[in-house]
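Beneath this line is the structure, given in structure tokens, with notes to follow.
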Amino acid sequence: MNSQNQEHVVESYRMSFQQHGDAPEALQWSVEGQRWRFDKLLDIAAQTTGQSLLGKRILEIGCGLGHLYPVLQAEIGAVDYYGIDIVPELIARAKEKFPGANFECRDIFQSPLLQGEFDFVFISGVFNAPFRNDSQAFMSSMLQHAFAASRTALAFNFTSSHVNFISEDTNYFTPEWVLSEVLEKLSKKVQMDHHYRNCDVAVCVCR
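Mapping to the UniProt record's numbering: the sequence shown position 200 is 200, numbers consecutive.
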């Protein structure tokens, strides 16, 4: 992501957080939409790998306010959770609310993750923002960084371009292109669930 786009992203979420506070709406989700995306990513990760997330070291890139952490606690149990985001205000609130988790304001392009540092890596909603003119390059680079940091699997979501209408508030990707990028640059072990709800796509890439 270029610096201009990053500044736009940070300012957009900063303003949204000021307006909505500690709520999914601050991350431009509905309560329901945020939850079923979380549930789907956890489900596809467990199904594809055949492994439980219990006790695993988990990274969420673009963690926002850390709302995945209590879902993991409720649905999975004890996990070693790390959340990173580029919006300082969101990270500050997440640290305050969830002292049992680990949060860091970090740009992985400037400060790369260590190879195999985490068991599972999750990315939810990061690719939806419509204000990136380098969206394909951003996704490709982000996925490569994220997968390199995983020992077991990377699970992420995006909005499919195969839709009946286009919203100016959403970024769309052609699933054929995403699958090609994953197969060529990450792994042949991949599961994609297209249009599991609305026009969302969930993907799990395994080692």
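We treat Cβ as the ideally placed atom computed from N, Cα and C, and that holds for glycine. Bear in mind the structure is a predicted one, so any value in this text is a computation, not a measurement.
Quiz item: Per DSSP, which one or two residues make a beta bridge with GLN191?
Solution: Position 191 of the sequence shown, counted from the first residue, corresponds to residue 191. Looking at the DSSP assignment, GLN191 forms a beta bridge with CYS204.
Quiz item: Rounded C-beta distance between PHE120 and SER150? I'm assuming under 8 angstroms.
Solution: The residue given as residue 120 occupies position 120 in the sequence shown. The residue given as residue 150 occupies position 150 in the sequence shown. About 6 angstroms; that satisfies the 8 angstroms criterion.
Practice problem: Say yes only if the C-beta of VAL87 is nearer than 7 angstroms to one or more non-hydrogen atoms of the ligand HEM, and no if none qualify. | Solution: The model depicted lacks the ligand HEM and carries no ligand whatsoever.
Quiz item: With a cut-off of 8 angstroms, do at least 3 Cβ pairs link the segment 153-160 to the segment 172-184?
Solution: yes
Self-check item: ILE123 beta carbon less than 8 angstroms from that of ILE61
Solution: Numbered from 1 along the sequence shown, position 61 holds the residue referred to as residue 61. Numbered from 1 along the sequence shown, position 123 holds the residue referred to as residue 123. Cβ atoms of ILE61 and ILE123: closer than 8 angstroms.
Quiz item: Between the beta-carbon of LEU42 and the beta-carbon of GLU75, is there less than 8 angstroms?
Solution: Locating residue 42 in the sequence shown gives position 42, counting from the first residue. Locating residue 75 in the sequence shown gives position 75, counting from the first residue. In this structure, GLU75 lies closer than 8 angstroms to LEU42 by Cβ.
Quiz item: Can you list, in chain order, the residues of its chain whose CB lies under 6 angstroms from that of VAL190, leaving out five sequence neighbours each side?
Solution: Mapped onto the sequence shown, residue 190 falls at position 190. Cβ within range, chain order: VAL182 and VAL205.
Self-check item: SER150, DSSP secondary structure in three states
Solution: In the sequence shown, the residue the question calls residue 150 occupies position 150. SER150: strand per DSSP, three-state reduction.
Quiz prompt | Given ALA153 as reference, the closest of ASP134, GLN47, PRO88 and GLY64 once Cα atoms are compared | solution = Along the sequence shown, read from residue 1 onward, the residue named residue 153 stands at position 153. The option with the nearest alpha carbon to ALA153 is GLN47.
Quiz prompt | Contact between the segment 82-102 and the segment 32-40 (3+ Cβ pairs under 8 angstroms) | solution = no
Self-check item: Proximity winner among LEU53, PHE98, LYS95 and ALA94, relative to GLY77 (alpha-carbon distances)
Solution: Within the sequence shown, the letter at position 77 stands for residue 77. If we check each option's Cα against that of GLY77, LEU53 comes out closest.
Quiz item: ILE200 to HIS194, Cα distance in whole Å?
Solution: Translated into the one-based positions of the sequence shown, residue 200 becomes position 200. Translated into the one-based positions of the sequence shown, residue 194 becomes position 194. Per the sequence shown, residue 200 should be read as Asp rather than Ile. Roughly 7 angstroms separates the two Cα atoms.
Quiz prompt | Member of TRP36, SER140, ALA129 and GLY64 whose CA lies at the smallest distance from the CA of PHE17 | solution = As a position in the sequence shown, residue 17 is number 17, starting the count at 1. For PHE17, the nearest C-alpha among the options comes from GLY64.
Self-check item: Where ARG57 falls: helix, strand or coil (DSSP)
Solution: Position 57 of the sequence shown, counted from the first residue, corresponds to residue 57. Residue state, collapsed to three classes: strand.
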